[in-house]
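Novice: Take this structure first; my questions come after.
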């Protein structure tokens, strides 16, 4: 068995699906925030049909701290992050959405909050001007947030925010137990972390809503699948006691 590479302080995992027009500049922007060599940035191309992989590879040639993992088919955000974690060398791990609707500077702030509070997990809590966010998106967030709170007693404003920071041990404990590969991945991961006794806190992050038609990227079937998966997670965890 190969020895684990020399550990770094921090890894940032960036799942990407059909982000070819954004990923090159966005991942380099993340890298510029962290001049230290003590981090690694891992882009996971989740079976994109555009040039996401080529653009991410181009960024990696400009910044050697960037590595790119390509999944041959679209497996879902959860599966992408789980695969990316296998390459992560950091003692602390961040998840960050590739579109950068949440400024990457918040990753640094959340790591500082984690180290100041001693919490095991820091979850971004979206703060935005309501007028800038489509009504349908706000309604779905409200319904889903309350469903999660009811089923799992997770008193978080938003489990789905695309930025989170974890102690490595949390992911080593919880990722092998995950069963969901899609958008409900976040809920299952946080519910498992809470059940295992890890502490979770939130940090306010400002959302910049960039895509006026972004809901088209999440199809109705994906939304329904997320709700079905969430109920399945609850039943499975409840049955296990």
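Numbering (my numbering), first residue to last: 20 to 260. Glycine included, C-beta positions come from ideal geometry on N, C-alpha and C.
CA-CA distance, residue 187 and residue 109?
Specialist: Here residue 187 refers to the residue found at position 168 of the chain shown. Here residue 109 refers to the residue found at position 90 of the chain shown. In a straight line, the C-alpha of residue 187 is about 7 Å away from that of residue 109.
Novice: So, using beta-carbon positions, are residue 56 and residue 80 closer together than 8 Å?
Specialist: Reading the chain shown from its first residue, position 37 is the one you call residue 56. Reading the chain shown from its first residue, position 61 is the one you call residue 80. Contact: no.
Novice: Between the Cα of residue 294 and the Cα atoms of 115, 258, 226 and 66, which residue gives the shortest distance?
Specialist: Not covered by the structure: residue 294. The range shown for the chain is 20 to 260.
Novice: Is the distance from the Cβ of residue 200 to the Cβ of residue 94 below 8 Å?
Specialist: Mapped onto the chain shown, residue 200 falls at position 181. Mapped onto the chain shown, residue 94 falls at position 75. Closer than 8 Å, so yes.
Novice: With the cut-off set at 8 Å, would you say residue 247 and residue 212 are in Cβ contact?
Specialist: The residue given as residue 247 occupies position 228 in the chain shown. The residue given as residue 212 occupies position 193 in the chain shown. No, these two residues do not count as a Cβ contact at 8 Å.
Novice: So residue 186 is in the beta strand (DSSP E); what residue range does that whole segment cover?
Specialist: Translated into the one-based positions of the chain shown, residue 186 becomes position 167. Note, residue 186: beta strand (DSSP E), 182-186.
Novice: Residue 202: which of 242, 131, 143 and 185 sits nearest, CA to CA?
Specialist: Position 183 of the chain shown, counting from 1, holds the residue named residue 202. Looking at the Cα atoms, 242 is the closest of the given residues.
Novice: Note down the Cα distance separating residue 78 from residue 255, rounded to an integer number of angstroms.
Specialist: As a first step, residue 78 is located in the chain shown; it is residue number 59 there, counting from the start. As a first step, residue 255 is located in the chain shown; it is residue number 236 there, counting from the start. Distance between the alpha carbons of residue 78 and residue 255: 41 Å.
Novice: Between the alpha carbons of residue 215 and residue 103, how many angstroms are there, rounded?
Specialist: For the purposes of this step, residue 215 is taken as residue 196 along the chain shown, with counting starting at 1. For the purposes of this step, residue 103 is taken as residue 84 along the chain shown, with counting starting at 1. For residue 215 and residue 103, the distance between alpha carbons rounds to 22 Å.
Novice: With a threshold of 6 Å on Cβ separation, who are the neighbours of residue 141 within its own chain once the five nearest residues in sequence on each side are excluded?
Specialist: Taking the chain shown and counting its residues from 1, the one referred to as residue 141 is at position 122. Within the same chain, residue 141 has close Cβ partners 129, 132, 133, 184, 220 and 222.
Novice: Where do the N-terminal and C-terminal ends of the alpha helix (DSSP H) with residue 42 fall, by residue?
Specialist: For the purposes of this step, residue 42 is taken as the residue at position 23 of the chain shown. Segment 42-52, the alpha helix (DSSP H) holding residue 42.
Novice: Residue 36 and residue 86 look like a contact to me (Cβ under 8 Å); what is the Cβ gap, rounded to whole Å?
Specialist: As a position in the chain shown, residue 36 is number 17, starting the count at 1. As a position in the chain shown, residue 86 is number 67, starting the count at 1. Contact doesn't hold; Cβ gap of about 18 Å is too wide.
Novice: Indicate whether the contact test is met: 3 or more Cβ pairs, each with one atom in the region 119-127 and one in the region 151-166, closer than 8 Å.
Specialist: Short answer: they don't touch.
Novice: Output needed for residue 48: all residues of its chain with C-beta closer than 8 Å, excluding positions within five of it in sequence on either side, in chain order.
Specialist: On the chain shown, residue 48 is found 29 positions in, with the first residue counted as 1. Excluding residues within five positions, the ones whose Cβ falls inside 8 Å are 119 and 123.
Novice: What is the DSSP secondary structure of residue 195, reduced to helix, strand or coil?
Specialist: Position 176 of the chain shown holds residue 195. Reduced to three states, the DSSP call for residue 195 is helix.
Novice: Just curious, the beta strand (DSSP E) that residue 109 is in, first and last residue?
Specialist: To locate residue 109, count along the chain shown from 1; it is residue 90. Segment 109-115, the beta strand (DSSP E) holding residue 109.
Novice: When burial is assigned at 16 or more other CB atoms within 10 Å of the CB, is residue 240 buried or exposed?
Specialist: Your numbering for residue 240 matches position 221 in the chain shown. The residue in question, residue 240, is exposed, as its Cβ has fewer than 16 Cβ neighbours within 10 Å.
Novice: Whole angstroms are fine: how far does the CA of residue 227 sit from the CA of residue 14?
Specialist: Since the first residue shown for the chain is 20 and the last is 260, residue 14 is missing from the structure and cannot be characterised.
Novice: Quick one: grab the DSSP three-state call for residue 190.
Specialist: Locating residue 190 in the chain shown gives position 171, where the first residue counts as 1. Three-state DSSP puts residue 190 in a helix.
Novice: Measure the alpha-carbon distance for residue 180 versus residue 172 and round it to whole angstroms.
Specialist: Translated into the one-based positions of the chain shown, residue 180 becomes position 161. Translated into the one-based positions of the chain shown, residue 172 becomes position 153. Answer to the nearest angstrom: the Cα atoms are 18 Å apart.
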